[in-house]
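Novice:
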Amino acid sequence: MSTLKTLAPALALTGLLRGSPTDDALILEHAESLRRRAGAVEYRIDPTIGHPEAFRIERAESGAQVVAGGPAGVLYGVQELVLPQSVVGAEGRPDFNLRGAVLMMLSASWAYQSDLSPEVYPWFFDRPFMTRYLDYLLSARLNTLVLWSGHLFPHILELPEYPGASQFSREEIRRNQEQFRWLTTEAAKRNITVLTHFYNIHISENLAKVMGRKGTADSDATRYLVPDDFVRGYYTTILTRYFAEFPNVGLSICPGESLDLKEQQAWFRDVIFKTARDSGKNPKLIIRDWTLDSDFKRALPNLYPNLYSELKHNDETITSPWPDVRHETWKGVLSGHVVNLHDPADITPYRVGSPRLIGEMVRRWKNAGYFTGAWFYAPQTWCWPHTLDVVPDGAAPLVNFERDELWHLLEGRYLWRTDREAAGEQAWSKAWLGRKWGDERIGRLVTEWYDLTGPILPGLQNLTSVRFGNFFPTAIAAVQASVDDLLTFRTRLDDPPPEGPTGLTNQRYYSRPIDAYTLDLYRARHGDLALQDSRSLPVAQLAVELAAGRDGAGFVRPDHLLDLYYDMAGQARDRARAALALGGRDPDELRRFLQDSECLLLTVDYYRCKVLAALEKKRFQLTGDKACLVRFRRHMDDSVIGYQTLYTTARRYYRAGSPMFHAWSWEKTYERRVKWDHELQMKWLSGFGG
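For the sequence shown, the working numbering begins at 37 and goes up steadily by one.
Printed below as a string of structure tokens:
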């Protein structure tokens, strides 16, 4: 049997490939603990394989041997032999080098603070629970964990030079530090690098208070628009100590939110990058394309070697499997480019995990040719590790990564091996879910449910493209579905996308192509085999077509697409009913799939009312046909009734429509947006005697 001792020469080499030998020893230690469960398994490192995570399994009558490019490959190969059912199910090397998940550690405010304590983040201190979560990530071969925080550092580091940096006592800081060290060590054992995300340029609320800093009209007291000597010294100290204290850590850095654009380059060069370089560890740094200065962007390739760029897949929601066109500007610029599948708020609070949709999205990244990694936010990330589901009194809340188990499993599966045969993927999902519920028939029905529902809520967002934000989920509809916005934001397919730095376009967005599965269903229904565009036609443009006597043939009509989404939700409801009738191991959870379906139907119907109302308003403006006004009023009236039905139904099943602190409740949205828009449109209608 290979041992840690006999692998020492190889460790020195693989340390050059992926991290320090200490990290490699931790990985092999964990591989050894897994190997002991597997019986006759040997392993050896062969650096000529060319990738530290790559492996192959050689089987013989006497047992199996894992041949790996580095310790991470040993771990994955041994794991493949140990797990009763493999998530990834593929040897070789990964298609994407960085494969990650995100946990939110941000205060419930816009202050971007992260006051770490067992009271605020009890899950962080629950070692058995976090071990389960890390093992879940390892099962999908995810190798990065991003802690999305505001300013976590003073609560995990002793900073005697800055006694007011944290409100916690020395003992509490040591408690936090020990837990953070435990997490990073356990992550390192599983080949997971922990990246602390932080916003520039903040100090803690407690330090701002001690210093007597006052906020301004443009910034609160914790933020600096322009660095001074104090904050430069402060950040140099905390980052130096951060890199020294913890194993296998790096940084995910957001230039914006506070730091003045013209100050970015000097700040990063002289503080962030210099401190990372001086650590001697060459830590991985990810810089987020968010309010990023254009001159600074051009200078980045010469400022730090182990630097990756990162940009949201679409915007702060999922709208399409096609990535934002702005990703192309990062092609070949830095060591690699990471796509951030940001908070999937527009699928909240419903279940998510479509093999078709996630598989297509990852294939789009691979086919682009320059993405080297991706990380996914968890569904309902702002209330992680729980969900928004209502549970019986006294029952434990649902666990996020158990309710939406397929979300990260499919991520890891496709980021490792992207190109997979479609029928085989359906079979894998059906078998996986069949084992979960103890009935292969349920596995088939739930897989079909995921694939039917997966495109609907992103598709609604994509169709309207009014405003996007992680605090405006589709089911709340706070801004996405007012009639005038529907008509004025998307006017033609050739409308140019918003210009300017990412994050500084007032959260406006633009449509991307519809997913392939929905397009196939649309073609089958309408016979439009040669569509001129794979995006939905804007409502205003369809009105122009209809007013001119054309029927929009050759385009995806928004009204027809909404009819299709409604039918897809109805078919999903049928699958959920059939699955529930079969029983299975967890009928309560199967019943929740049916509840999701009921609410999805109501969500689509509300959007359909608003889109049809907008269409009739524009047709009247173009033709003067007063029959349009009759239909317009009916759709507007139906929208108010429909939204009230939606939220009163959803209230029985979910605590809220979004877990984000800033999001409006359904009731507030109903009063201030749904009824408000109805009143606004009725006032307009009254001018024509309506």
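The beta-carbon is built from N, C-alpha and C at its ideal position, and this holds for glycine as well.
Everything numeric in this text was worked out from a predicted model, so none of it was measured.
Locate the beta strand (DSSP E) running through Lys348, then write down its first and last residues.
Specialist: Taking the first residue of the sequence shown as position 1, residue 348 is located at position 312. DSSP places Lys348 inside the beta strand (DSSP E), whose first and last residues are Leu343 to Lys348.
Novice: According to DSSP, is Gln101 helix, strand or coil?
Specialist: Against the sequence shown, residue 101 aligns to sequence position 65. In this structure, Gln101 counts as strand in the three-state DSSP scheme.
Novice: Check whether the region 700–712 touches the region 680–688, taking contact to mean three or more Cβ pairs, one atom from each stretch, closer than 8 Å.
Specialist: yes
Novice: Answer yes if the region 103–110 comes into contact with the region 78–89, meaning at least three C-beta pairs across the two stretches below 8 Å, and no otherwise.
Specialist: A contact is defined here as three or more CB-CB pairs under 8 Å, and the region 78–89 meets this definition with respect to the region 103–110.
Novice: Residues in the same chain with beta-carbon distance under 6 Å from Met672, minus the five sequence neighbours each way, listed in chain order, please.
Specialist: By 1-based counting over the sequence shown, the position of residue 672 is 636. Closer than 6 Å at Cβ, skipping near neighbours: Ala649, His714 and Gln717.
Novice: By DSSP, does Asn403 sit in helix, in strand, or in coil?
Specialist: As a first step, residue 403 is located in the sequence shown; it is residue number 367 there, counting from the start. Asn403 falls in the helix class under three-state DSSP.
Novice: Whose CA, out of Phe309, Ile308, Leu328 and Ser288, lies closest to the CA of Lys298?
Specialist: Looking up residue 298 in the sequence shown gives position 262. For Lys298, the nearest C-alpha among the options comes from Leu328.
Novice: For the region 445–453 against the region 386–403, do three or more pairs of beta-carbon atoms, one drawn from each stretch, fall closer than 8 Å, so that the two count as touching?
Specialist: yes
Novice: Leaving out the 5 sequence neighbours to the left and right, which residues in its chain are closer than 8 Å to Gly723 when beta-carbon positions are compared?
Specialist: Within the sequence shown, residue 723 is the residue found at index 687, counting from 1. No residues qualify anywhere along the chain.
Novice: Would you identify the three-state DSSP class for Ile289, choosing helix, strand or coil?
Specialist: Translated into positions along the sequence shown, residue 289 becomes position 253. Secondary structure of Ile289 (DSSP, three-state): strand.
Novice: Looking at the secondary structure, which residues open and close the alpha helix (DSSP H) in which Tyr278 lies?
Specialist: By 1-based counting over the sequence shown, the position of residue 278 is 242. In the DSSP assignment, Tyr278 falls within the unbroken alpha helix (DSSP H) covering Asp265 to Glu281.
Novice: Just mark Val502 as buried or exposed, buried being the case when its beta carbon has 16 or more other beta carbons within 10 Å.
Specialist: Residue mapping note: residue 502 aligns to position 466 of the sequence shown, counting from 1. The residue is buried, with at least 16 neighbouring Cβ atoms inside 10 Å.
Novice: Comparing C-alpha positions only, which one of Pro491, Lys646 and Ala612 sits nearest to Val519?
Specialist: The residue labelled residue 519 in the question sits at position 483 within the sequence shown. For the residues Pro491, Lys646 and Ala612, the minimum Cα distance to Val519 belongs to Lys646.
Novice: Quick check: the region 362–369 against the region 473–492, are there 3 or more CB pairs under 8 Å?
Specialist: Two segments are said to touch when three or more pairs of C-beta atoms, one from each, lie closer than 8 Å; by this definition the region 362–369 does not touch the region 473–492.
Novice: Compare the C-alpha of Asp425 against each of Ser69, Ser694 and Leu62 and name the closest.
Specialist: In the sequence shown, the residue the question calls residue 425 occupies position 389. Comparing Cα-Cα distances from Asp425 to each of Ser69, Ser694 and Leu62, the minimum goes to Ser694.
Novice: Helix, strand or coil: which one does DSSP assign to Phe508?
Specialist: The count along the sequence shown starts at 1 and reaches residue 508 at position 472. Here Phe508 sits in coil by DSSP.
Novice: Mark Thr252 as exposed unless 16 or more other C-beta atoms lie within 10 angstroms of its C-beta, in which case mark it buried.
Specialist: Looking up residue 252 in the sequence shown gives position 216. Under a 10 Å Cβ-count criterion, Thr252 is classified as exposed, with fewer than 16 other Cβ atoms of the shown protein chains found around its own Cβ.
Novice: Checking 8 Å against the spacing of the C-beta atoms, do Glu352 and Asn506 come in under that value?
Specialist: Sequence index remark: in the sequence shown, residue 352 carries index 316 (1-based). Sequence index remark: in the sequence shown, residue 506 carries index 470 (1-based). It is a contact, given that the beta carbons lie within the stated cut-off.
Novice: Mind checking who Val375 pairs with in its DSSP beta bridge?
Specialist: For the purposes of this step, residue 375 is taken as the residue at position 339 of the sequence shown. Beta-bridge pairing links Val375 to Leu347 and Ala410.
Novice: Bridge partners for Leu321 per DSSP, in chain order?
Specialist: For this step, residue 321 is matched to residue 285 along the sequence shown. According to DSSP, which records beta bridges pairwise, Leu321 is partnered with Leu287 and Leu343.
Novice: On the premise that Asp256 lies in contact with Gln301, defined as a C-beta separation below 8 Å, what is that separation, rounded to the nearest angstrom?
Specialist: Here residue 301 refers to the residue found at position 265 when the sequence shown is read from its first residue. Here residue 256 refers to the residue found at position 220 when the sequence shown is read from its first residue. The pair is not a contact, with the Cβ atoms about 24 Å apart (cut-off 8 Å).
Novice: Between which two residues does the alpha helix (DSSP H) holding Gly109 run?
Specialist: The count along the sequence shown starts at 1 and reaches residue 109 at position 73. Taken as a continuous stretch (DSSP letters only), the alpha helix (DSSP H) holding Gly109 covers Pro107 to Val118.
Novice: Grab the span of the beta strand (DSSP E) containing Glu94 for me, first residue to last.
Specialist: On the sequence shown, residue 94 is found 58 positions in, with the first residue counted as 1. Taken as a continuous stretch (DSSP letters only), the beta strand (DSSP E) holding Glu94 covers Phe91 to Ala96.
Novice: Compute the Euclidean distance between the alpha carbons of Thr500 and Asp531, then round it to the nearest angstrom.
Specialist: For this step, residue 500 is matched to residue 464 along the sequence shown. For this step, residue 531 is matched to residue 495 along the sequence shown. Approximately 14 Å, taken between the alpha carbons.
Novice: The alpha helix (DSSP H) spanning Trp702 covers which residue range?
Specialist: Translated into the one-based positions of the sequence shown, residue 702 becomes position 666. Start and end: Trp702 to Thr705.
Novice: Taking Leu142 as the reference, give the member of Ala61, Trp702 and His698 with the closest Cα.
Specialist: Residue mapping note: residue 142 aligns to position 106 of the sequence shown, counting from 1. Closest option to Leu142, Cα to Cα, is His698.
Novice: List the DSSP bridge partners of Val592.
Specialist: Looking up residue 592 in the sequence shown gives position 556. Note: Val592 sits in a beta bridge opposite Ser572.
Novice: Taking Cβ to Cβ, would you say Ala126 is nearer than 8 Å to Leu181?
Specialist: For the purposes of this step, residue 126 is taken as residue 90 along the sequence shown, with counting starting at 1. For the purposes of this step, residue 181 is taken as residue 145 along the sequence shown, with counting starting at 1. Not a contact, by the Cβ cut-off of 8 Å.
Novice: Counting C-beta neighbours from all protein chains within 10 Å, is the total for Asp314 16 or more, i.e. buried, or is it exposed?
Specialist: Indexing the sequence shown from 1 puts residue 314 at position 278. It counts as exposed.
Novice: Tell me, please, which residues DSSP counts as bridged to Met141.
Specialist: Sequence index remark: in the sequence shown, residue 141 carries index 105 (1-based). Its beta-bridge partners are Ser185.
Novice: Rounded to the nearest angstrom, what separates Lys333 and Ile354 at their Cα positions?
Specialist: Position 297 of the sequence shown, counted from the start, is the residue given in the question as residue 333. Position 318 of the sequence shown, counted from the start, is the residue given in the question as residue 354. Distance between the alpha carbons of Lys333 and Ile354: 25 Å.
Novice: Could you check what DSSP says for Gly606 in three-state terms: helix, strand or coil?
Specialist: Along the sequence shown, read from residue 1 onward, the residue named residue 606 stands at position 570. Gly606 falls in the helix class under three-state DSSP.
Novice: Mind reading off the beta-carbon distance from Asn236 to Pro291? Whole number of angstroms is fine, and I expect it under 8 Å.
Specialist: For the purposes of this step, residue 236 is taken as residue 200 along the sequence shown, with counting starting at 1. For the purposes of this step, residue 291 is taken as residue 255 along the sequence shown, with counting starting at 1. About 6 Å separates the two Cβ atoms, so the contact holds.
Novice: Return the residue from the list Gly105, Leu117 and Pro83 that minimises the CA-CA distance to Gly99.
Specialist: Reading the sequence shown from its first residue, position 63 is the one you call residue 99. Of the listed residues, the one whose Cα sits closest to Gly99 is Leu117.
Novice: Check whether the region 683–691 touches the region 425–434, taking contact to mean three or more Cβ pairs, one atom from each stretch, closer than 8 Å.
Specialist: Contact holds: three or more Cβ-Cβ distances are below 8 Å.
Novice: So what's Asn236 in DSSP terms, helix, strand or just coil?
Specialist: As a working mapping, residue 236 is identified with position 200 in the sequence shown. It is a strand residue.
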